[in-house]
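Here it is as structure tokens:
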């Protein structure tokens, strides 16, 4: 299939320019050095702003912290190990990949994917992958670790570019993070911040957890179709003919054992039993994963260990039944090989963790977010234009602050009451923020999971650098950044409630 656009040479130029930069490890080290210098210059210049009304620590002065002065250097040295050990994706990746690694190397995933390929039409692989990526936000961040490598394997087994599959999954997981068919942990978090901002003007205003549900359901379907189009018409044609180094355990003809059918039957039985036990632990009162009230979704906090178990046990069952595993020594070797394959990511994570935490410590991201919000608030522009401007501010802020809640905690007190005065409901402002916060996730190295996906890309293209991943994901970011705000504009024009009982315009 030919690309819909006449040329993708601009993406080739981006990739070449990005890959001409130093190795990502070196680049993050250079970025750390730059942050240290800029933070010190900002501290010497006395850059400071006050937190907006309604924010946590309302009125508190936020000042740039220099990383080249005594306190800054002490912080960096004393937190060097903690920054690495507490790097959010690190433990998630290592634990989840142990289970996935056994399932992959034992032959379970290649055998299972071969069966799935016979049932799934080739043309529906991309939309299925994007949709699963969007829906994975119900498991918090687990989708970042599980779906991109599995989608790459699935596409490769189908004779398609594994990088196209990886990109489609990453686009769904990250750029579509705020959308879903069901309520996720993000909804109550944002609703609480929106309500706090609205009560600056209206002390009795309430924002429901379902404030954006209808819009997010439609967004899920629209983004899945849009991601399919971008994959089929832009990303996959561009990857045609690119020479790849097959990752271990990622080819359909890998060793699946002497009796893969027997292995799949045993793996299916063990998976069924394990899943039944997990469901019992979630649903039975008093069970370890059962929650009530505010802790109803208690099982979500244990998602990574659950993924380990749900991949590991069926993988072991398959391996011993199919003949790819013969003893506990084979199991230990598979686990060791899995961690060894993650060595490049671990090195990259160490340097990236120092850069991200140093940037947070310097307060530069927070200063940029608050200053940008105040600047936009000072412009005398019509409400619809202001709403679009807010989306752009959220997109820009997302390039510097990865946490959705951290950004919104400072943006909501400024924009929620401001747009209320312009006639837009807090629920609609929250929806606009969700769009801006999502679409640039896939093109910012400050997203802590971005380096994970880069490591997955390097399994197939060892020479790949930041430019490769940037050029791979930029078409999705552009498409989502155009179509999703247009969907919101149509929603507003038609006066459709963003969620049950949520107004569009304040009466």
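Residue numbers (the numbering used here): 529 to 1035.
Backbone N, C-alpha and C fix where the C-beta goes; we use that ideal spot for every residue, glycine too.
Predicted model only: the values in this text are computed from it and were never measured.
Can the beta-carbon of residue i be found closer than 8 angstroms to that of residue j?
i            : j            : result
residue 839  : residue 685  : no
residue 567  : residue 892  : yes
residue 946  : residue 1009 : no
residue 1032 : residue 1025 : yes
residue 974  : residue 927  : yes
residue 722  : residue 735  : yes
residue 872  : residue 983  : yes
residue 941  : residue 629  : no
residue 624  : residue 674  : yes
residue 577  : residue 898  : yes
residue 980  : residue 672  : yes
residue 762  : residue 1003 : yes
residue 773  : residue 990  : yes
residue 665  : residue 714  : yes
residue 697  : residue 955  : no
residue 849  : residue 766  : no
residue 557  : residue 655  : no
residue 1013 : residue 913  : no
residue 951  : residue 1034 : yes
residue 1007 : residue 758  : yes
residue 621  : residue 870  : yes
residue 1015 : residue 801  : no
residue 895  : residue 575  : yes
residue 827  : residue 810  : yes
residue 1020 : residue 754  : no
residue 999  : residue 543  : yes
Find the nearest neighbour of residue i within the set the options, judged by alpha-carbon distance.
i           : options                : result
residue 563 : 982, 1025, 971 and 882 : 882
residue 591 : 603, 941 and 571       : 571
residue 560 : 916, 878 and 994       : 878
residue 967 : 765, 625, 998 and 703  : 703
residue 970 : 960, 1013, 951 and 994 : 994
residue 635 : 785, 627, 648 and 836  : 785
residue 953 : 727, 811, 816 and 889  : 727
residue 835 : 790, 803, 848 and 860  : 803
residue 640 : 682, 651 and 608       : 682
residue 569 : 593, 607 and 649       : 593
residue 997 : 547, 755 and 747       : 547
residue 609 : 880, 711 and 751       : 880
residue 601 : 820, 890 and 856       : 890
residue 844 : 863, 831, 829 and 806  : 863
residue 771 : 916, 985, 538 and 793  : 985
residue 830 : 807, 813, 847 and 852  : 807
residue 972 : 1001, 948 and 987      : 1001
residue 987 : 691, 853, 614 and 605  : 691
residue 710 : 663, 541, 653 and 943  : 663
residue 906 : 852, 811 and 943       : 943
residue 652 : 865, 760, 895 and 730  : 760
residue 716 : 958, 1020 and 965      : 958
residue 730 : 817, 948, 961 and 539  : 948
residue 787 : 820, 847 and 799       : 847
Since residue i and residue j should fall inside the 8 angstroms C-beta cutoff, what is the C-beta to C-beta distance between them, to a whole number of angstroms?
i            : j           : result
residue 921  : residue 963 : Their Cβ separation, rounded to whole angstroms, is 12 angstroms, which puts residue 921 and residue 963 out of contact at 8 angstroms.
residue 661  : residue 680 : Not quite, the Cβ-Cβ distance comes to about 13 angstroms (not below 8 angstroms), so this is no contact.
residue 1027 : residue 603 : Not really, about 42 angstroms apart at Cβ, beyond 8 angstroms.
residue 699  : residue 744 : Incorrect: roughly 17 angstroms between the Cβ atoms, too far for contact.
residue 718  : residue 936 : 6 angstroms
residue 842  : residue 795 : 4 angstroms
residue 689  : residue 764 : 6 angstroms
residue 626  : residue 866 : 6 angstroms
residue 960  : residue 595 : Actually they do not touch by this definition, with Cβ atoms about 34 angstroms apart.
According to DSSP, what are the bridge partners of residue i?
i            : result
residue 916  : Answer is none; residue 916 lacks a bridge partner.
residue 1036 : The structure shown does not extend to residue 1036, since the chain is modelled only from 529 to 1035, so the question has no answer here.
At a cut-off of 7 angstroms, would you count residue i as near the ligand GTP, judging by its Cβ distance to the nearest heavy atom?
i           : result
residue 977 : In the structure shown, the ligand GTP is absent, as is every other ligand, since no ligand is present at all.
**Request:** Enumerate, from N- to C-terminal direction, the unbroken alpha helix (DSSP H) stretches of 4 or more residues contained entirely within the segment 788 to 842.
**Result:** 788 to 811
**Request:** Please specify which runs of the alpha helix (DSSP H), each continuous and at least 4 residues long, are wholly inside the segment 625 to 706, giving them in chain order.
**Result:** 636 to 647, 653 to 663, 670 to 685 and 690 to 698
**Asked** What are the complete alpha helix (DSSP H) segments, minimum 4 residues, inside the segment 705 to 761?
**Response** 714 to 726 and 741 to 758
**Request:** Can you check the segment 967 to 993 for any alpha helix (DSSP H) of at least 4 residues that lies completely inside it and give the ranges in chain order?
**Result:** 978 to 988
**Item:** Segments assigned alpha helix (DSSP H), at least 4 residues, entirely inside the segment 588 to 621
**Value:** 598 to 606 and 608 to 613
**Ranges of the alpha helix (DSSP H) found wholly within the segment 530 to 577, counting only runs of at least 4** = 537 to 547 and 552 to 573
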